[in-house]
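Taking it in order: structure first as structure tokens, then the write-up.
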Amino acid sequence: MINISAFKHSLQAVIFLSFISFFSTPSVAQENKLLTQQGTFAVGVNYWASYAGTHMWRDWKPAIIEQDFKQLSENGIKVLRVFPLWPDFQPIYQVYAGEGTKKYIAFKDEQPLPLSGPGSDGMSETQMQHFDVLADLAHKYNLKLVVGLITGWMSGQLYVPPALEGKNILTDPESLMWQQKFVTAFVKRFKNKPAVLAWDFGNECNVMQKVDNYQQAYLWSSVISGAIKSEDKTRPVVSGMHSLQAENNAPWRIIDQAELTDVLTTHPYSLWTKYTSQDGINTMRTVLHAAAETRLYADIGGKPALTEETGVMGPMTGGEKEKAAFARTALFSNWAHDCKGTFWWCAYDQLSFNYPPYNYASVEAELGLIKEDRTPKPVMNELKTFSNFIDKLPFKTLPERKAEAVCILTEGQDNWAIAYTSFVLAKQAGFDFQFQKAGQEIKDAPLYLLPSLKSIDPFYKDYWLKLLEKVKAGATLYISLDDAYLPTFTEPLGINISINIQRRGNLSFVSKLLGDSLKFKTASARKLVIDPMQTTVLAKEEDGNPVFLKSAYGKGFIYLLTFPIESNLTTLAGAFDSGQPAYANIYKEMAKPFMKERVITQDNPFVGVTEHSFSDKEKLVILINYSTGDISTSAIIKPGWKISGALYGNKPLNNTCTIKGNDALVLQLTR
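The opening residue of the sequence shown carries number 432 in our numbering; numbering runs sequentially from there.
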């Protein structure tokens, strides 16, 4: 444990506290001062030098790098994620004897490595000096650095020291040894640099090679994490990974990275992540991708999570106006959902480079905030504007948002698919939730969601019984089924399933109780013919068979939907566009009793609302317009509360909130 008082005058303590202000959950003492402290949401960018991209270390031009840093700092950027390219910094070669016998490791001069100093770890003294200059330049321009240590994968190319080519980089013992030497030498050399904010494993290291199982991934992560912490315990370890999974047998698991790092990372791009490129880049489902994935990591892992890379993949995915709208909405959305920052990919365009990966990776050329002629793009202005907004806030850290529910993900389903769609549905219905994985200790909440249950064993029986105890005590439970089987099903729901058969055709959903006479057709693997007995039927099929029911159980209630709406909507293009059925009314129905506790509610499904409490008399409410058009919506204010001011946007007149397309409204409420 760090003794803050003992270190308070040391450089290490300054850096540690600097990181805490960016990434950590605020202490009680900080929360009591939130209204008087400056904001610290990390607005950042991933950086390669404007003139060279990945060749910056071999073509070293510090004067241009200084121009880059000055321009980025002047445009509101606070954090750079930087990459000491692995083979440039550890340029080791294998010298062979007869019949391919390994003789020794050397630098390019073919002489054995020195016996001491960085060279004994295979490190290039020249490149270490280059990084020394880069870190000092960052400090000069008040830029903090997240350093991606093992940068062996970048923008479509694998970068490996020649001595390690052909090996499985993540599992081969010799490769692991040299990576440990790299990390130890690098962190030891630069741990006293004030610009260094955090140590990142490296850029998407889970792409460098395939692993056979999560044990191999865990071992690699443990080696790198241990090497960092052996030299620097004052800074956090950042994952740097993307596409982690919640499933128990996935090779790269959220829970493993959470155990071995201090900050989890997401790289949400609509082009690369499953289910996220079906709609326009500045529409609701696409914009919510970053917040949904980052909250999934943070909630399942129990660690802070950062949107470490995001952006829009070039001119074929949308225009500059639409990219700017995407960035603006995503920044507010990530901030409102306690994502610890947002870093754009990347700082500068790389259009003129005619070497790999830029000569073949067609989507890597025009991703920058700034053109090659140093002209800022519209999206750069959005980051600058948002950064200035954060700087001027009358509080230091945004309190955690209010969450009415817990969304429980289970085995047998595609966890990301169900998490993503459930997140959007809840946002349209007006409430927030935390994610959990079945098997984790159940958090207390008034509402639990079990969306799109699939398979004969989505969780253990004792977990199901514990959940039912929560309902008996007064909680509400929602279940939707995707050909799933549960124990003790009939008794708690108070219904009887007389027939369970494979469905012929689609299910027709009809309800006059859920607003606007909700009616649609959807897929369902099984038809459950149900005798509702004393249960309330909220929706039926066209033949009158119940498909959405509400049952009393103890002091609580259970809602049952007999088809997997979340799974179905995941692959339905335009599912959340204007003019589609109000699918979210299903979620809104079960959340009604809990929404009365919110200080502001409103009914427009394209306006997301988060509530943040400073005290029992002061709250902040963030309303985000996730649509492209302007919206005016009537706010229902809880009795005793009043809107006392607007920190962003115009203060509502007569409780009518007007929000521009892809923009936000930040309101102060008091009583």
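Note that beta-carbon positions come from the ideal geometry of N, C-alpha and C, so glycine has one too.
Counting the other Cβ atoms within 10 Å of the Cβ of Arg684 gives 16 or more, which makes it buried.
Membership of Phe757 in the alpha helix (DSSP H) is indicated by the continuous run 751-767. A distance of 8 Å or more separates the beta carbons of Asp730 and Gln859.
DSSP, reduced to helix, strand and coil, places Ala796 outside both helices and strands of the structure shown, so it counts as coil. As DSSP reads the structure, Met585 sits in a beta bridge with Gln588.
Looking at the DSSP output, His1043 sits in a beta bridge with Arg832, Leu1051. In its chain, beyond the 5 residues on either side, Pro787, Pro788 have a beta carbon closer than 7 Å to the beta carbon of Gln588. A check of alpha carbon separations from Val1040 across Arg1029, Asp1047, Val978, Ser1046 identifies Arg1029 as the nearest. For the pair of segments examined, the stretch 980-992 was found not to touch the stretch 929-938: the number of CB pairs separated by less than 8 Å stays below three. Following the DSSP letters along the chain, one finds Trp630 inside the beta strand (DSSP E) bounded by residues 627-631.
Per DSSP, Arg957 lies in no alpha helix (DSSP H) segment; the continuous beta strand (DSSP E) that holds it begins and ends at 957-962. Apart from sequence neighbours up to five positions away, the residues of its chain that approach Met639 with a beta-carbon distance below 7 Å are Gly583, Trp584, Leu589, Ile600, Leu601, ordered along the chain. Excluding sequence positions up to five before and after Leu1078, its CB lies within less than 7 Å of the CB of Leu824, Val1097, Gln1099, all in the same chain and listed in chain order. In the same chain as Ala1004, and ignoring 5 residues on each side of it, the C-beta atoms closer than 6 Å to its own belong to Gln709, in chain order. By DSSP's assignment, Lys533 forms a beta bridge with Tyr527. Distance from Ile712 to Gly749 at the Cβ level is roughly 4 Å; contact confirmed, criterion being Cβ atoms closer than 8 Å.
The beta carbon of Glu973 is closer than 7 Å to those of Ser939, Val941 in its chain, skipping five residues each way along the sequence. For Leu1054, the closest C-alpha among the options Glu1020, Asn1081, Lys1069, Gly1071 is that of Asn1081. DSSP links Val668 through a beta bridge to Trp630.
Annotated three-state conformation of Ser653 is helix, per DSSP. When Lys950, Lys981, Lys971, Ala954 are compared, the shortest CA-CA separation from Gln965 is found for Lys981. DSSP places Tyr894 within a helical segment (H, G or I) once states are collapsed to three.
The distance from the Cβ of Ile496 to that of Leu595 is about 28 Å, inconsistent with a contact at the 8 Å cut-off. The stretch 978-1014 is shown to contain whole beta strand (DSSP E) runs of 3 or more residues at 987-992, in chain order.
Annotation for Ile928: the continuous beta strand (DSSP E) segment containing it runs 927-933. Beta bridge pairing from DSSP links Lys885 with Asp913.
Separation of Ser911 and Ile1017 (C-alpha to C-alpha, rounded to the nearest whole angstrom) is 11 Å. If you draw a 10 Å sphere on the C-beta of Gln558, you find 16 or more other C-beta atoms in it, and that means buried. Around Lys892, the same chain offers Pro918 as residues with beta carbons nearer than 6 Å, after the five sequence neighbours per side are excluded. The DSSP-derived three-state label of Tyr779 is strand. Annotated as distal: Ile849 and Leu856, with beta-carbon spacing of 8 Å or more. Under the three-state reduction of DSSP, Ile495 is assigned to helix. For Ser1065, the enclosing beta strand (DSSP E) begins and ends at 1062-1065. The three-state reading of DSSP puts Asn477 in strand, counting E and B together.
Tyr572 is a Cβ neighbour of Lys501, given a cutoff of 8 Å. By the neighbour-count definition (other C-beta atoms within 10 Å, threshold 16), Asn679 is an exposed residue.
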